[in-house]
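In this note's numbering, the protein residues as written are 624 to 1386. C-beta atoms are modelled at their ideal positions from N, C-alpha and C, and glycine is treated no differently.
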Amino acid sequence: MANPDDIFAPYDAPAGGWGALAATARALRQQSAVARGSRALLATNQPEGFDCPGCAWPDPRHTSSFEFCENGAKAVAWEVTDRRVTRDFFAQNTLADLAKQSDHWLESQGRLTEPMRYDPATDRYVPIAWDDAFAMIARHIAAMDHPDQAEFYVSGRTSNEAAFLFALLGRLIGTNNFPDCSNMCHEPTSRGLPQSIGIGKGTSTLEDFEHADMILSIGQNPGTNSPRAMGTLRDAARRGARIVVLNPLRERALERFADPKDAGDILTNRGQRIAHLYCQVKVGGDVAALKGVMKLLVEADRDARANGRTPVLDHDFIAAHTSGFDAFVADLDATAWDAILETSGLSRETLQQIADIYAASRNVILMYGMGITQHRHGSQNIQQCVNLLLLRGNIGRPGTGISPVRGHSNVQGDRTVGIDDQPSAAYLDRLGKVFNFEPPREHGHNVVTALEAMLRGDVRVFIGMGGNFAAAVPDTPLADAAMRRIGLTVSVATKLNRGHVVHGQDALILPCLARSELDPQNGVLQSVTIEDSMSMVHASGGLLEPASPQLRSEVAIVCGMAKAILADRPPRIDWDGYVADYARIRDDIEAVYPDLFHDFNERLRQPGGFRLYNPASERVWKTDTGRANFLVFRGVAEDPARERNPGTLRLATLRSHDQYNTTIYSLDDRYRGVKGDRMVAFMNEQDMAERGIAAGDRIRLRTVSEDGVDRSVGNLTALPYNIPKGSIGAYYPEANPLLPLYHHDELALTPAAKSIPVIAEAM
């Protein structure tokens, strides 16, 4: 039994403030990058600088000198570090030894400096020349039985230019296998949202937040995952907007936030109250809560109309712009209150408060994160969010809209320029016409189906453009074993990570430039482009000398692979011309997407870039009905596991505050009060008492599996925490072994990491 006081103490200060400033300074010192890092931070998210390698929150049009947040500063410090992973490092460490190290330790070793090849005779990585590395990839591709034995994985940090060429390369080879990081987070946005409003992107802009009367935040922790969003929420709260939060845990930033850029906030360190109403919904209870609120609104509207008062709903909008309203209302009428209250964990009084605030608000924005998407019914969760907005016409007007809070800075842009396992026929037609070839038409693999193919032994080559695939995926032990059977794994990366020690029979590490680094080609500095989560496209160019002269840009690496793999095969493409001038890539992006990227290079010169056309923002609905659709979700349950297993808890995997996706900056979680330990479980005290678990006990979590596989994680310290009964939290990726590959969203196949049925046992 551990002493919980040694690792846990509640954090009472506001999020941000002095704590964020101190953490930023500490990160720069730890990476020995104070001078270099400070210079980089002043150029972060600036019109003439580089885009933060962290989250996808938009840049304001009127930037200040400090347009970075604490976690963005950590991301920059991590890439401008003076630590280096050289050939000497690999000579001193076998892969067996490195595999025993933590993810935090691996990424703390510093920047990769030259191409490396795995040598099975010594179990070490050894140097390899760039051309030899490309030739090895070409040999493995040529040895495949068919193109679908290759997987082309993309991280959301990949630029538009590199992603466009990577998508072209895969399709020239003959496959649509493009698993990418969005498959593990916001794929329900890409697949579920178009069924409702005709586009898989949010409709709000940053300016809309300045005019919202109510902001409904569901299933997200922006204080950690997109801290720059907190400045927007703080400004909204200050001017009187009502911010309502639905989230199982009370995240500190959503309670109170002090903006590190504001002298008044820093001097007082009191911060701004953010949430007007904080509702701790049960894990998996979001649909129940939303249906409860909508049921109350419909009932209030009926009463108002029957008694001659102003209607609650916007019937003119519903009649002119929507379809499916009657079936939607019938389903609400059939949904029992007992089921709503039990599943959501919220009282009817609380749901009434939400409904009253919504009904009294002219302009409403609903923003959500992976607490909504990573469920068995993540796509339907989003569709119910849209239903709520449609009731009062809160899409397509200033101050309104739906706002997915994306993760990596260009995860949305990668999809826009072709990283899609289910490409549209129109895109393939244009791609084939521009490049004079016939692209493959069959749908390819996403993350889940790629892993299934690996488990069957059907994957021969895996090429990862950034990211840390091995750490991010579900069913970790099974996935690791499958990765090791692949003929060749290739990782384009800046830092050492888990994916380099969980590798194929042959393996390559190809080190690339970071966002903050200069990228001269033939003596001319190049810039790339990024699309943020609100469809703004802008340029990004580095300013620091590269960490090593051996580094190549993402674009140069993709083109180097393409030249070796395709050699003299038609069509003839000037890959060297792309490397020499990235504007040529943008010209061809424009040719493939003339409506979205018309005058691409010219519009890129506008301060702050330009916004891609978003039809739903203008109430143009590209759906099958030509209208925004009210879509029905039958019942309220996430899945029947709770009913089958009365002792089941529903686990949500969490990121700590000192973490961004799989990158772990330290073992602390400041806002949740955890110090120096990630092997913890956040539990409701009543759940602990019912299971005979005391604070500090070591426990094991075991998945309630449907396939007979025993999935468990032990040696977790039980911490009593303010979380609804029946819900439990643990850190990602440590809890990934508990997430079955089959446990995913039914439409988008996104792993349901926020609602894993588990049993908690004392050890």
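- In its chain, beyond the 5 residues on either side, Arg875, Arg1293, Tyr1294, Arg1295, Gly1296 have a beta carbon closer than 8 Å to the beta carbon of tyrosine 634.
- With 16 or more other CB atoms across the displayed protein chains lying within 10 angstroms of its CB, tryptophan 701 is buried.
- Burial state of lysine 1348 is exposed, judged by a 10 Å Cβ sphere holding fewer than 16 other Cβ atoms.
- Across the set Arg1234, Val1113, Asn1338, the C-alpha of Arg1234 shows the shortest separation from the C-alpha of valine 1160.
- Here the alpha carbons of isoleucine 1351 and alanine 1304 stand approximately 7 Å from one another.
- Counting of Cβ neighbours within 10 angstroms places alanine 744 among the exposed residues, the total staying below 16.
- The three-state reading of DSSP puts threonine 1152 in strand, counting E and B together.
- A direct Cα-Cα distance of roughly 19 Å separates methionine 853 from glutamine 903.
- Per DSSP, arginine 762 lies in no beta strand (DSSP E) segment; the continuous alpha helix (DSSP H) that holds it begins and ends at 753-765.
- With a 10 Å radius around the Cβ and a threshold of 16 neighbouring Cβ atoms, serine 819 comes out buried.
- Within the same chain, and ignoring the five residues on either side of leucine 919 in sequence, the residues whose Cβ sits closer than 7 Å to its Cβ are Leu974, Gln975, Ala978.
- Annotation: threonine 1099 to alanine 1353 spans about 15 Å, alpha carbon to alpha carbon.
- Closest in alpha carbon position to methionine 917, among Gln895, Ala953, Lys905, Arg928, is Ala953.
- One Cα belongs to tyrosine 1355, the other to methionine 1302, and the distance between them is close to 10 Å.
- Beta-bridge partners of phenylalanine 1085 (DSSP): Glu774, Thr1112.
- Within its own chain, the residues whose Cβ lies closer than 7 Å to the Cβ of alanine 1239, once the five positions on either side in sequence are excluded, are Ile820, Gly821, Ile822, Thr826, Ile1018, Gly1019, listed in chain order.
- For aspartate 742, the uninterrupted beta strand (DSSP E) segment begins and ends at 739-742.
- According to the DSSP assignment, leucine 869 belongs to the beta strand (DSSP E) that extends over 865-869.
- A Cβ-Cβ distance of about 4 Å is found for the pair arginine 1250 and serine 946, placing them in contact under the 8 Å criterion.
- Between the segment 1092-1110 and the segment 1357-1366, the count of C-beta pairs closer than 8 Å reaches three or more; the two stretches touch.
- In the structure shown, the three-state DSSP call for valine 1303 is strand.
- With 16 or more other Cβ atoms from the protein chains shown falling within 10 Å of its own Cβ, serine 1158 counts as buried.
- If you draw a straight line from the Cα of serine 984 to the Cα of glycine 1258, it comes to about 28 Å.
- For phenylalanine 880, the closest of Phe713, Phe712, Asn870, Ile897 by C-alpha to C-alpha distance is Ile897.
- A Cβ-Cβ contact shorter than 8 Å links leucine 1051 with arginine 1064.
- Pairing glutamate 1261 with serine 1156, the inter-Cα distance amounts to about 27 Å.
- Judged by their CB atoms, asparagine 1069 and threonine 781 are not nearer to each other than the 8 Å cut-off.
- The beta carbons of isoleucine 963 and glycine 815 sit about 21 Å from each other, so the pair does not count as a contact at 8 Å.
- Counting every other CB atom within 10 Å of its CB across the protein chains shown gives threonine 1112 a total of 16 or more, marking it as buried.
- Straight through space, the alpha carbons of isoleucine 1109 and glycine 1127 are spaced by roughly 5 Å.
- Of the residues assessed, glycine 1146 falls on the exposed side of the cut-off, its CB having fewer than 16 other CB atoms within 10 angstroms.
- It is roughly 30 Å from the alpha-carbon of aspartate 1197 to the alpha-carbon of serine 805.
- About 6 Å separates the CB atoms of valine 749 and arginine 740; that is less than 8 Å, so the two are in contact.
- Glycine 1337 counts as exposed, since fewer than 16 other beta carbons sit within 10 angstroms of its beta carbon.
- When C-alpha distances from alanine 859 are compared across Ala1073, Arg1195, Val987, the shortest belongs to Val987.
- Counted as a single uninterrupted DSSP element, the stretch harbouring glycine 1080 is not any alpha helix (DSSP H), since DSSP gives it neither H nor E.
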